[in-house]
Amino acid sequence: MLTSRTKNLYQELILEHNKKPRNYRVPETSSHQAKGHNPLCGDKLDVYLSVDEESSTISDVSFIGDGCAISKASASIMTTMVKGKSVEEAQSLFKMFHDMTTGKETDVTEDQIPSRLRVFAGVKDLPARVKCATLAWHTLDAALQGEEKISTE
Amino acid sequence: MLTSRTKNLYQELILEHNKKPRNYRVPETSSHQAKGHNPLCGDKLDVYLSVDEESSTISDVSFIGDGCAISKASASIMTTMVKGKSVEEAQSLFKMFHDMTTGKETDVTEDQIPSRLRVFAGVKDLPARVKCATLAWHTLDAALQGEEKISTE
Amino acid sequence: MSQAAIKTETVHNPDQIQKQLKNLRDDFPILSRKINGRELVYLDNAASTQLPKQVIETVSAYHEFHHSNVHRGVHTLSQEATDLYEEAREQIRSFINAPSLKEVIITSGTTDAINLVSRCYGEPRFGKGDVILVSNMEHHANIVPWHMLAEKTGAEMKVIPITDEGSIDMDAYRALLGPDVKMVAVNHISNALGTINPVKEITDLAHKAGAVVMIDGAQAVGHELVDVQALNCDFYAFSGHKMHGPTGIGILYGKEELLKEMKPNRGGGDMILSVSFGEITYAGLPAKFEAGTPPIAQAIGLGAAAKYLSGLDRDLMYQHEQNLLKYATDKLSSVPGLRIIGTSPEKTSIVSFVLDGVHPHDIGTILDENGVAVRTGHHCAQPVMERYNVPATTRASMAFYNTFSEIDALYDSLLKVNELFDVNQPN
Amino acid sequence: MSQAAIKTETVHNPDQIQKQLKNLRDDFPILSRKINGRELVYLDNAASTQLPKQVIETVSAYHEFHHSNVHRGVHTLSQEATDLYEEAREQIRSFINAPSLKEVIITSGTTDAINLVSRCYGEPRFGKGDVILVSNMEHHANIVPWHMLAEKTGAEMKVIPITDEGSIDMDAYRALLGPDVKMVAVNHISNALGTINPVKEITDLAHKAGAVVMIDGAQAVGHELVDVQALNCDFYAFSGHKMHGPTGIGILYGKEELLKEMKPNRGGGDMILSVSFGEITYAGLPAKFEAGTPPIAQAIGLGAAAKYLSGLDRDLMYQHEQNLLKYATDKLSSVPGLRIIGTSPEKTSIVSFVLDGVHPHDIGTILDENGVAVRTGHHCAQPVMERYNVPATTRASMAFYNTFSEIDALYDSLLKVNELFDVNQPN
Ligand SMILES: Cc1ncc(COP(=O)(O)O)c(C=O)c1O
Ligand SMILES: Cc1ncc(COP(=O)(O)O)c(C=O)c1O
Chain A
2 MLTSRTKNLY QELILEHNKK PRNYRVPETS SHQAKGHNPL CGDKLDVYLS VDEESSTISD
62 VSFIGDGCAI SKASASIMTT MVKGKSVEEA QSLFKMFHDM TTGKETDVTE DQIPSRLRVF
122 AGVKDLPARV KCATLAWHTL DAALQGEEKI STE
Chain B
2 MLTSRTKNLY QELILEHNKK PRNYRVPETS SHQAKGHNPL CGDKLDVYLS VDEESSTISD
62 VSFIGDGCAI SKASASIMTT MVKGKSVEEA QSLFKMFHDM TTGKETDVTE DQIPSRLRVF
122 AGVKDLPARV KCATLAWHTL DAALQGEEKI STE
Chain C
2 MSQAAIKTET VHNPDQIQKQ LKNLRDDFPI LSRKINGREL VYLDNAASTQ LPKQVIETVS
62 AYHEFHHSNV HRGVHTLSQE ATDLYEEARE QIRSFINAPS LKEVIITSGT TDAINLVSRC
122 YGEPRFGKGD VILVSNMEHH ANIVPWHMLA EKTGAEMKVI PITDEGSIDM DAYRALLGPD
182 VKMVAVNHIS NALGTINPVK EITDLAHKAG AVVMIDGAQA VGHELVDVQA LNCDFYAFSG
242 HKMHGPTGIG ILYGKEELLK EMKPNRGGGD MILSVSFGEI TYAGLPAKFE AGTPPIAQAI
302 GLGAAAKYLS GLDRDLMYQH EQNLLKYATD KLSSVPGLRI IGTSPEKTSI VSFVLDGVHP
362 HDIGTILDEN GVAVRTGHHC AQPVMERYNV PATTRASMAF YNTFSEIDAL YDSLLKVNEL
422 FDVNQPN
Chain D
2 MSQAAIKTET VHNPDQIQKQ LKNLRDDFPI LSRKINGREL VYLDNAASTQ LPKQVIETVS
62 AYHEFHHSNV HRGVHTLSQE ATDLYEEARE QIRSFINAPS LKEVIITSGT TDAINLVSRC
122 YGEPRFGKGD VILVSNMEHH ANIVPWHMLA EKTGAEMKVI PITDEGSIDM DAYRALLGPD
182 VKMVAVNHIS NALGTINPVK EITDLAHKAG AVVMIDGAQA VGHELVDVQA LNCDFYAFSG
242 HKMHGPTGIG ILYGKEELLK EMKPNRGGGD MILSVSFGEI TYAGLPAKFE AGTPPIAQAI
302 GLGAAAKYLS GLDRDLMYQH EQNLLKYATD KLSSVPGLRI IGTSPEKTSI VSFVLDGVHP
362 HDIGTILDEN GVAVRTGHHC AQPVMERYNV PATTRASMAF YNTFSEIDAL YDSLLKVNEL
422 FDVNQPN
């Protein structure tokens with residue numbers, strides 16, 4: 002029997018995205034990219050973006066990498082969330098996600114958080130896993146800021 | 002009021018030799034000499050010997066140096082004990098003194114120990130002070146062995 | 002004292018041996034902790050072992066009754082602290098059978114000890130053309146200091162390969178040994194694979210080639226009877242926290258003739274005979290390498306740990322750990338999709354493994370939900386991960402206080418992992 | 002908690018202040034020890050301070066309930082240990098008002114910390130023609146590392162003289178400061194003289210001359226409110242055992258921009274991002290300087306000590322210590338034949354003295370017979386002894402838990418010393 006905390010963390014959606022990650026590929030061209038590394042558990046992933054300069058819209062996003070279920074599912078879900086969004090929208094999703102997983106008090110109510118992000122709410126009780134969930138988002142942010150490498154020590 | 006342990010350690014004879022050390026001088030000539038140093042308390046003394054080669058007798062012995070009452074009195078009393086003695090006798094006195102002050106079990110009974118040495122018996126209860134009492138003797142031994150410097154770390 | 006109870010007649014049945022050892026669990030307060038509502042199953046002993054109450058209480062009693070700075074005081078507390086500190090050194094000396102107290106240097110841990118050797122022995126002696134051999138299964142503590150030394154001096158670090166099962170490739174080692182080899186640095190037991198290395202043979206071969214030998218004994222002291230004289234190694238390093246002692250303390254054993262020639266490591270109080278601005282005279286051994294106020298309480302705690310272990314029936318403990326190893330190896334091998342990394346015939350009670358389709362990090366979290374504490378990751382031995390081409394492993398490491406039923410708990414939790422991730426299921 | 006009790010209205014009368022602090026003595030188990038049948042009078046706080054039960058119990062509780070290796074574990078105990086360890090770093094940061102946690106490096110003590118700076122900052126940067134200034138009142142820990150560095154790099158160590166009363170000669174200091182001066186290394190408070198140095202002014206002058214400043218704060222943290230931002234020094238070092246914390250732990254504060262540029266000190270686990278035999282990438286701050294398993298229990302203990310001190314009324318404590326200093330200075334000055342060494346107007350509660358005709362070592366023994374613990378010797382500050390042309394001194398050093406009647410006991414014992422040695426008697 003699994004404890005409810007485990008079940009809460011490893012929700013169906015996470016397990017499913019872990020098994021079949023979306024946008025898992027190296028694109029032929031990209032305008033931004035960054036490498037993320039979590040030395041704590043060895044998770045590594047590359048995020049690729051195509052940003053339309055005029056409209057400042059993310060026209061394509063993909064990733065590849067090795068990692069635990071949480072980090073992989075988070076990367077996969079992230080790509081599905083930011084594709085087609087403006088850079089600004091992507092960044093505010095990052096902030097929302099970050100605040101939720103680190104348990105920060107904000108004005109955002111639960112139902113304002115997209116359900117696909119809400120499945121990661123459980124990691125806030127598992128400090129060792131927060132970085133797994135946020136690695137992809139940190140890497141996205143780094144790519145958008147023009148940094149090439151980040152490490153979530 | 003002084004405790005009996007203090008009184009036992011700082012006997013009249015020790016206090017008296019501390020005040021008026023015997024053979025406290027640098028001789029004009031000497032056949033052996035050594036510098037003794039106890040870095041723990043900064044005690045330093047030089048021992049000078051004239052040994053008659055044929056008879057292997059210590060014809061003269063003196064010392065100078067800075068140190069606590071125990072080390073100064075011990076040096077002074079030592080000079081009075083070994084002057085005129087053979088090298089062998091001096092070394093067996095050292096052994097006897099060393100065994101007594103370090104509390105080593107031996108066959109030597111208390112009344113076999115010269116009374117001038119017995120006044121130092123109290124240091125065996127004060128481990129921090131054993132080296133003060135033995136420094137002069139260690140230096141004597143070093144001089145006889147042809148070593149020039151010793152340090153009782 | 003529960004220790005007396007086990008010095009009885011020899012028993013051979015694994016369950017009986019366990020029964021004899023089981024009351025020792027009461028000495029370890031943490032073992033009765035609950036984790037997420039379950040009994041703690043502590044299988045992370047290779048990272049840090051737990052402390053018996055005898056050690057915890059020795060440290061507290063020191064603080065409550067005897068604490069003072071050592072070495073230079075005449076007052077009673079200072080003398081008591083000095084005596085306790087130096088008695089601890091003697092307990093540790095006897096624990097590893099070092100010939101002399103001068104050869105037992107108190108450091109802050111294995112890492113500090115290996116860095117000391119790299120710096121004070123290697124740095125003034127090594128240069129271009131010199132070779133330092135390390136094995137492919139070393140902990141970072143026995144790689145990085147040599148890497149830094151090589152960068153500084155121009156010496157070269159070469160790697161002794163390991164076999165697929167995780168043993169040192171002795172033929173390759175022999176082939177690497179040449180007159181250019183100045184240092185061989187190898188662990189006694191690998192924390193990532195569990196392999197017990199033939200350190201006596203490795204040392205003899207190195208000596209024949211004229212090299213000096215540094216053994217990283219971090220994983221050995223808690224399990225093996227270590228006799229540095231029998232091993233004849235030049236340096237041997239270990240940590241208190243791997244042998245049921247405190248953190249913040251470790252030991253460097255070194256042969257006196259080598260330590261004597263070496264420059265001091267850190268400068269400060271207690272490591273000098275005299276200081277004036279023109280000239281400084283260094284103290285003799287072991288003080289030369291113990292600058293400043295030493296880890297007094299920690300040394301006394303480590304002495305207590307050495308005494309605790311020495312009071313136990315080490316053969317029985319070893320037998321029990323080997324029984325646990327065999328039981329765990331058999332049981333885990335039957336978990337679908339599980340592959341053990343490190344299958345040397347000579348192993349300590351460490352089982353490192355990967356599970357098809359599940360990242361170790363996820364395994365670690367799910368096991369923890371069930372109260373089972375294992376380590377996941379690269380275990381500070383990234384070259385081992387590279388060698389086996391895995392990003393990380395899950396590692397269960399047992400001490401004498403572990404039990405067969407704790408292995409069962411590990412096994413059950415692993416089945417749950419497969420179930421949750423819907424992998425490695427019978428079809 | 003007895004701590005709350007003292008945060009009452011301000012009092013100015015020395016006896017009243019003492020009364021307010023006196024119940025804190027109950028926090029320190031060792032203070033009720035008997036020595037040779039007498040109450041312990043512990044006046045050796047400059048060597049090591051005593052631990053309150055709050056610290057002793059924090060360390061025990063860690064061992065009994067939370068012990069595990071930190072940083073790389075996902076299981077609950079490892080997480081708890083990591084949280085406690087990092088909370089301790091925060092407590093320490095806040096204690097010295099460091100701007101960032103990255104600037105709080107956990108070391109094994111002041112000596113380790115100063116050696117780190119000498120090695121990782123000085124060694125790659127200093128060379129022939131460069132000058133390191135140290136004062137004439139430094140502890141060996143702040144001399145020997147610079148001496149070793151000078152020998153290695155060809156840089157020169159120069160000495161800032163001190164005045165007869167034991168203050169830094171600021172005019173001489175100004176004159177020594179030139180473009181060749183790369184480092185100024187000075188203690189905040191002298192352990193041998195008690196002098197409180199104007200470290201802010203010293204730092205500002207050094208910065209104007211382009212030099213970097215290392216403050217040895219070993220004696221300050223237990224007495225002064227230390228604010229590294231206000232001091233604006235580049236490095237600040239101290240030890241746990243001088244501020245009612247455990248042995249085996251110390252802190253190096255360093256400005257981030259300097260620490261960032263510096264090479265790591267020791268190599269090992271936790272201070273790297275990745276290791277393969279070809280290439281090693283070092284971790285960021287503070288991990289880069291914390292190789293290996295850190296002193297986990299000791300850091301947690303030091304955090305508890307910082308918390309304990311922060312919970313007290315530091316102003317009141319300071320006032321009481323100054324009252325003790327004044328009382329002791331007056332009282333001891335009336336002992337025939339006694340001369341105080343170190344009479345700077347800015348002093349902490351340390352009284353170092355010599356007594357005509359009696360060697361400090363004998364004084365120490367006789368005082369101990371009366372239960373009074375003082376330190377005798379050179380206090381690891383031989384250049385100070387040379388400066389005053391004394392072989393050694395006797396030093397009484399007070400903490401906030403000491404009392405006026407303990408000074409009386411010291412005074413009475415000193416009269417007995419005169420009596421026994423039949424010196425300094427009225428004729
Ligand atoms: C002024 C001063 N600096 C440095 C030290 C060295 O501290 P530690 O021995 O804890 O490394 C001490 C204490 O011994 C000291 O008093
Ligand atoms: C084989 C081995 N070597 C060295 C070390 C480093 O020991 P420490 O971290 O106590 O310095 C460890 C443990 O972490 C180890 O397992």
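Residue numbers (my numbering), protein chains in the order written: chain A, 2 to 154; chain B, 2 to 154; chain C, 2 to 428; chain D, 2 to 428.
Heads up, the beta-carbon is just placed ideally off N, CA and C, and yes, glycines get one too.
Using a beta-carbon distance below 9 angstroms, is Thr107 of chain B in contact with chain D?
No, Thr107 of chain B lies away from the interface with chain D (no Cβ there is under 9 angstroms from its Cβ).
Within the present structure, is the beta-carbon of Thr294 of chain C separated from the nearest heavy atom of ligand 1 by less than 8 angstroms?
For ligand 1, at least one heavy atom lies less than 8 angstroms from the Cβ of Thr294 of chain C.
Start-to-end residues for the beta strand (DSSP E) that takes in Phe239 of chain D:
Start and end: Phe236 to Ser240.
Taking 8 angstroms as the cut-off, is the beta-carbon of Thr108 of chain C closer than that to any non-hydrogen atom of ligand 1?
Checking the Cβ of Thr108 of chain C against ligand 1 gives no.
Under 8 angstroms, with one C-beta from each stretch per pair, do the segment 57 to 64 of chain C and the segment 294 to 314 of chain C reach the 3-pair mark?
Yes, the segment 57 to 64 of chain C touches the segment 294 to 314 of chain C.
Strand pairing of Lys348 of chain C, partner residues [DSSP]
Lys348 of chain C is bridged to C:Thr196.
With a threshold of 9 angstroms between beta-carbons, can Ile197 of chain D be considered close to chain C, or not?
Judged by the 9 angstroms Cβ criterion, Ile197 of chain D is not in contact with chain C.
For Thr135 of chain B, three-class secondary structure by DSSP
Under the three-state reduction of DSSP, Thr135 of chain B is assigned to helix.
8 angstroms contact criterion, which Thr394 of chain D and Ser345 of chain D should meet: CB distance rounded
Contact annotation, Thr394 of chain D with Ser345 of chain D: C-beta distance approximately 15 angstroms; criterion of less than 8 angstroms not satisfied.
At a cut-off of 8 angstroms, would you count Leu240 of chain C as near ligand 2, judging by its Cβ distance to the nearest heavy atom?
The amino acid at residue 240 of chain C is misidentified as Leu; the sequence shows Ser. Answer for Ser240 of chain C: yes, Cβ within range of ligand 2.
So what's Glu90 of chain B in DSSP terms, helix, strand or just coil?
Residue state, collapsed to three classes: helix.
If distances are taken between C-alpha atoms only, which option among C:Gly195, C:Met215 and C:Ser109 comes closest to Val135 of chain C?
Cα-wise, what sits closest to Val135 of chain C is C:Met215.
Less than 6 angstroms between C-beta atoms, sequence neighbours within five positions excluded: which residues of the same chain meet that for Lys36 of chain B?
The beta carbon of Lys36 of chain B is closer than 6 angstroms to those of Asp47 and Lys150 in its chain, skipping five residues each way along the sequence.
Spatial neighbours of His68 of chain D within its chain, please: CB distance less than 8 angstroms, with the 5 preceding and 5 following residues excluded, ordered by chain position.
Contacts found: Leu78, Ala82, Ile297 and Ala298.
Near ligand 1: His140 of chain D beta-carbon under 8 angstroms from a heavy atom
With a cutoff of 8 angstroms, His140 of chain D counts as near ligand 1, since its C-beta is closer than that to a heavy atom of the ligand.
Ends of the beta strand (DSSP E) at Val62 of chain A?
Where Val62 of chain A is concerned, the enclosing beta strand (DSSP E) starts and stops at Thr58 to Asp67.
Using 9 angstroms as the threshold, is the C-beta distance between Ala47 of chain D and Lys243 of chain D below it?
Annotated as proximal: Ala47 of chain D and Lys243 of chain D, with beta-carbon spacing under 9 angstroms.
Please confirm whether any heavy atom of ligand 2 lies closer than 8 angstroms to the CB of Gly74 of chain D.
No, ligand 2 has no heavy atom inside 8 angstroms of this Cβ.
Can Asn14 of chain D and Glu370 of chain D be called in contact, C-beta distance under 9 angstroms?
In this structure, Glu370 of chain D does not lie closer than 9 angstroms to Asn14 of chain D by Cβ.
Quick check: does the Cβ of Thr196 of chain D come within less than 8 angstroms of any heavy atom belonging to ligand 1?
No, Cβ of Thr196 of chain D sits at least 8 angstroms from all heavy atoms of ligand 1.
Residue range of the unbroken alpha helix (DSSP H) whose run includes Gln92 of chain C
Residues Thr77 to Ile97.
Considering only heavy atoms of ligand 2, does any lie closer than 8 angstroms to the CB of Cys381 of chain C?
Flag set: Cβ of Cys381 of chain C near ligand 2.
Assign Met2 of chain C to one of three DSSP states: helix, strand, or coil.
At Met2 of chain C, the pLDDT of 35 sits below 50, so the modelled position is not reliable; the number obtained from the coordinates is stated separately. Under the three-state reduction of DSSP output, Met2 of chain C falls in the coil class, being neither helix nor strand.
Taking 8 angstroms as the cut-off, does the segment 82 to 100 of chain C touch the segment 240 to 256 of chain D (at least 3 CB pairs, one atom from each stretch)?
As far as the Cβ criterion goes, the segment 240 to 256 of chain D does not touch the segment 82 to 100 of chain C, which means the pair count is below three.
Count Cβ pairs between the segment 115 to 128 of chain C and the segment 361 to 377 of chain C that sit closer than 8 angstroms; are there 3 or more?
Inter-segment contact for the segment 115 to 128 of chain C and the segment 361 to 377 of chain C is absent: fewer than three beta-carbon pairs are separated by less than 8 angstroms.
For Gln220 of chain D, is the beta carbon positioned less than 8 angstroms from some heavy atom of ligand 1?
Under cutoff, so the answer is yes.
For chain B, find out if any of its Cβ atoms is closer than 9 angstroms to the Cβ of Gly378 of chain D; answer yes or no.
At least one chain B Cβ lies under 9 angstroms of Gly378 of chain D.
For the alpha helix (DSSP H) containing Glu258 of chain C, name the first residue and the last one.
Run containing Glu258 of chain C: Glu257 to Glu262, per the alpha helix (DSSP H) assignment.
Tyr174 of chain C: which of C:Met158, C:Ala207 and C:Met318 sits nearest, CA to CA?
Taking only the C-alpha atoms, the option nearest Tyr174 of chain C is C:Ala207.
Measuring only the C-alpha atoms, how far is Tyr237 of chain C from Phe290 of chain C?
If I take the Cα positions, the gap works out to 15 angstroms.
Can you tell which of D:Thr50, D:Thr196, D:Cys234 and D:Met272 has its C-alpha closest to the C-alpha of His1 of chain C?
Residue numbering for chain C in the displayed model covers 2 to 428; residue 1 of chain C lies beyond these limits and cannot be assessed.
Quick check on His67 of chain C - is its C-beta less than 9 angstroms from some C-beta in chain B?
No - not a single Cβ of chain B is within 9 angstroms of the one on His67 of chain C.
So, using beta-carbon positions, are Thr294 of chain C and Ser119 of chain D closer together than 9 angstroms?
Note that the C-beta distance between Thr294 of chain C and Ser119 of chain D is not below 9 angstroms.
Which residues in chain D have a C-beta closer than 8 angstroms to the C-beta of Pro392 of chain C? List them in chain order.
Those do not exist, as Pro392 of chain C stays about 12 angstroms from chain D at its closest Cβ, beyond 8 angstroms.
Are the C-beta of Leu339 of chain D and some C-beta of chain B separated by less than 9 angstroms?
Cβ-Cβ to chain B under 9 angstroms: no for Leu339 of chain D.
Quick check on Thr110 of chain A: buried or exposed, where buried means 16 or more other Cβ atoms within 10 Å of its Cβ?
Label assigned to Thr110 of chain A: exposed.
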